[in-house]
Amino acid sequence: SAVISQKPSRDICQRGTSLTIQCQVDSQVTMMFWYRQQPGQSLTLIATANQGSEATYESGFVIDKFPISRPNLTFSTLTVSNMSPEDSSIYLCSVEGGVKGLYEQFFGPGTRLTVL
Amino acid sequence: SQQGEEDPQALSIQEGENATMNCSYKTSINNLQWYRQNSGRGLVHLILIRSNEREKHSGRLRVTLDTSKKSSSLLITASRAADTASYFCATPIYNQGGKLIFGQGTELSVKP
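Taken in sequence, the protein lines are chains A and B.
Positions in the first sequence are counted from 1; adding 312 to them yields our numbering.
Positions in the second sequence are counted from 1; adding 21 to them yields our numbering.
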């Protein structure tokens, strides 16, 4: 299993600012995933980040709002841009692990974001 | 959109009792996975059941899968206060690599 860390663990930000969340994995992985979990809700996939290519965004999420970097096989960042209170959520990164083709995922501890 | 629905949304039981959570999904699946989330933290993978399996055990966890009804259940036996968490089912999206779709989740509270 992969060990994943995220920074920051939580933050309180002002409306209109941006926050960059870091995700570090202890092993090289091909794909990394970024999820959003709004208060009291389930997880929604924001985008898939492959090293060396542009991230693939899910419906309802755009690069201008959630730019993602993937500079190498162990690291990725997600930026939440021009934040509004509606962006208050937990943001989680994950990677695949386990048996190939079964798509089990290992998650970071999450970043709890509050936008005032 | 979410793949499935889980019920109940919330479940409160006493220590030592069994807890059963259900998950329904909409499309064909390769496998179905259950995750636990403690207090809004990261998710922990609990157990995976493949589409050709009907039942699987792991410690105090028992998962069943009924592909004809597109449903799964997670049973936690002899529950403990430490089992208090949110539980989510998730399924990989067919032909889209590792993407997972999560159910709405069940919030389990185990009282000592």
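All residues carry an ideal CB built from backbone N, CA and C; glycine is no exception.
Open item on the list: Could you pull the DSSP bridge partners for K120(B) from this structure?
Closed with: According to the DSSP secondary-structure assignment, K120(B) is paired through a beta bridge with no residue.
- [ ] Check whether the Cβ atoms of T426(A) and L331(A) sit closer than 8 angstroms, and answer yes or no.
- [x] no
- [ ] Along the beta strand (DSSP E) that carries A40(B), what are the first and last residues, could you check?
- [x] 40-45
Open item on the list: Could you check whether the region 23-42 of chain B touches the region 412-420 of chain A, counting it as contact only if at least three pairs of C-beta atoms, one from each stretch, sit closer than 8 angstroms?
Closed with: no
- [ ] Could you list which residues in chain B have their beta carbon closer than 8 angstroms to that of S354(A), in chain order?
- [x] Q23, F109, F123, G124, Q125, G126
Open item on the list: Within a Cβ cutoff of 8 angstroms, which residues of the same chain sit near Q23(B), ignoring the five residues on either side of it in sequence?
Closed with: With a pLDDT of 45 at Q23(B), under the threshold of 50, the predicted position of this residue should be treated as unreliable, though the coordinate-derived value follows. The answer, listed in chain order, is I122, F123, G124, Q125.
Open item on the list: For a test of the three-state rule: what should DSSP assign to E398(A), helix, strand or coil?
Closed with: helix
TODO: Confirm, please, whether the CB-CB distance from N39(B) to I97(B) is below 8 angstroms.
DONE: In this structure, N39(B) lies closer than 8 angstroms to I97(B) by Cβ.
- [ ] For F418(A), return the contacting residues in chain B, with the cut-off set at a CB-CB distance below 7 angstroms.
- [x] H66
TODO: Would you identify the three-state DSSP class for A106(B), choosing helix, strand or coil?
DONE: strand
TODO: Run through the region 342-372 of chain A for me and flag every whole beta strand (DSSP E) of 3 or more residues, listed as ranges in chain order.
DONE: 343-349, 355-362
Open item on the list: Rounded to whole angstroms, what is the Cα-Cα separation between E366(A) and I316(A)?
Closed with: Looking at the backbone, the Cα of E366(A) and that of I316(A) are separated by about 22 angstroms.
Open item on the list: Are the CB atoms of Q318(A) and P421(A) within a distance shorter than 8 angstroms?
Closed with: yes
Open item on the list: Taking the beta strand (DSSP E) that L414(A) belongs to, which residues open and close that run?
Closed with: Careful: L414(A) lies outside any beta strand (DSSP E) and carries neither H nor E.
Task: Contacting residues, own chain, Cβ-Cβ under 8 angstroms from L64(B) (five flanking each side not counted) - done: Y56, R57, Q58, F109
Task: Inter-residue CB distance, Y347(A) and L428(A) (contact presumed, cutoff 8 angstroms) - done: So it is not a contact: roughly 23 angstroms between Cβ atoms.
TODO: Would you decide whether I54(B) is buried or exposed? Buried here means 16 or more other CB atoms lie within 10 Å of its CB.
DONE: Here residue 54(B) turns out to be Gln, not Ile, going by the sequence shown. Flag for Q54(B) reads buried.
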